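For reference, the structure is listed below as structure tokens.
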Amino acid sequence: MLDPAARDRLFSSLTAPIRSLALRGVVRSYRKNTILVQEGERGDSTFVLLQGKAKVYSNDAEGREIVYSVVGPGDYFAEMWLDGGPRCASVMTLEPCICAIVGSDDFRDHFARDPAFALELVSRLIRRVREATLKARELALLDVYGRVVRALEAHEGPAVPGRPVVLSPITHQAIASRVGSSREMVSRLLKDLERGGYLELGVKRITLRRKLPARW
Numbered sequence: 000m001l002d003p004a005a006r007d008r009l010f011s012s013l014t015a016p017i018r019s020l021a022l023r024g025v026v027r028s029y030r031k032n033t034i035l036v037q038e039g040e041r042g043d044s045t046f047v048l049l050q051g052k053a054k055v056y057s058n059d060a061e062g063r064e065i066v067y068s069v070v071g072p073g074d075y076f077a078e079m080w081l082d083g084g085p086r087c088a089s090v091m092t093l094e095p096c097i098c099a100i101v102g103s104d105d106f107r108d109h110f111a112r113d114p115a116f117a118l119e120l121v122s123r124l125i126r127r128v129r130e131a132t133l134k135a136r137e138l139a140l141l142d143v144y145g146r147v148v149r150a151l152e153a154h155e156g157p158a159v160p161g162r163p164v165v166l167s168p169i170t171h172q173a174i175a176s177r178v179g180s181s182r183e184m185v186s187r188l189l190k191d192l193e194r195g196g197y198l199e200l201g202v203k204r205i206t207l208r209r210k211l212p213a214r215w
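Residue numbers for the sequence shown, in numbering that gives the first Met the number 0: 0 to 215.
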């Protein structure tokens with residue numbers, strides 16, 4: 000149970016429309032690697048992430064995984080139940096998380112009463128459609144190397160001459176999950192780029208030394 004001061008700190012960083020939504024929810028804590036939402040299941044609760052990070056992903060029976068996004072404090076997810084369909088992706092915590100869980104009745108009431116939140120939700124869904132379209136385009140038109148370059152440069156921005164960019168902690172498996180490839184393929188490409196002097200590999204760390212070539 001959070002004390003009032005800790006609860007206030009968690010909510011204070013949220014935007015007004017999201018804060019008023021989160022205040023309608025029940026606050027719960029979760030350990031790292033906890034599955035919050037399971038793809039294919041039915042559900043009618045929405046999660047507002049107050050602390051920590053989580054990944055939105057899908058996988059198949061063979062364990063292959065693709066990560067759609069990583070969400071952080073101030074994000075909300077699992078709102079796609081609004082159309083009556085099943086969950087379209089799974090969500091797992093990447094570190095200990097605290098969420099406010101909002102039930103369907105409270106969510107609908109908040110949507111109806113708060114025009115700012117309604118506009119935010121519509122804008123969010125448009126962004127998701129745009130991101131899904133971009134992901135489909137990359138999978139169809141770019142090879143694995145091209146998708147790896149996009150993932151690395153999107154992580155922190157492209158390197159510029161004389162100014163190496165140290166990417167925030169990221170693993171080869173995390174990159175593979177984002178680009179829809181195997182970890183082995185990603186590792187081979189990164190090793191080739193390291194030998195070419197374009198980047199430096201460390202433990203869960205990649206340093207971009209030069210702008211990555213468009214083709215390899």
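Ideal Cβ positions, reconstructed from N, Cα and C, are used throughout, including at glycine.
Note that this is a predicted model, so its numbers are computed, not measured.
Query, Result
"Counted within 10 angstroms of its Cβ, other Cβ atoms place Arg-177 as buried (16 or more) or exposed", "buried"
"Whole-number beta carbon distance between Lys-210 and Ile-169, since they are thought to touch under 8 angstroms", "Incorrect: roughly 18 angstroms between the Cβ atoms, too far for contact."
"Endpoints, beta strand (DSSP E) assigned at Glu-40", "Note, Glu-40: premise wrong, no beta strand (DSSP E); not H, not E."
"Reference Leu-151, options Phe-106, Arg-126, Ile-125 and Tyr-197, closest by Cα", "Tyr-197"
"As assigned by DSSP and simplified to three states, the class of Ile-169", "coil"
"Closest Cα partner of Gly-179 within the set Lys-134, Pro-212 and Ala-213", "Lys-134"
"Beta strand (DSSP E) segment containing Leu-200, residue limits", "198-201"
"Outcome for Arg-146 when other beta-carbon atoms lying within 10 angstroms are tallied against a minimum of 16", "buried"
"The region 62-77 contacting the region 102-116, beta-carbon criterion three pairs below 8 angstroms", "no"
"Endpoints, alpha helix (DSSP H) assigned at Ser-11", "3-11"
"Simplified DSSP state of Lys-54, which is helix, strand or coil", "strand"
"Opposing strand residues paired with Ser-89 [DSSP bridges]", "Tyr-56"
"Own chain partners of Asn-58 with C-beta closer than 6 angstroms, once the 5 adjacent residues on each side are dropped", "Glu-64"
"Status (buried if at least 16 other CB within 10 Å, exposed otherwise) for Glu-61", "exposed"
"Ser-122, DSSP secondary structure in three states", "helix"
"Given 8 angstroms, three or more beta-carbon pairs between the region 19-34 and the region 123-142", "no"
"Simplified DSSP state of Glu-64, which is helix, strand or coil", "strand"
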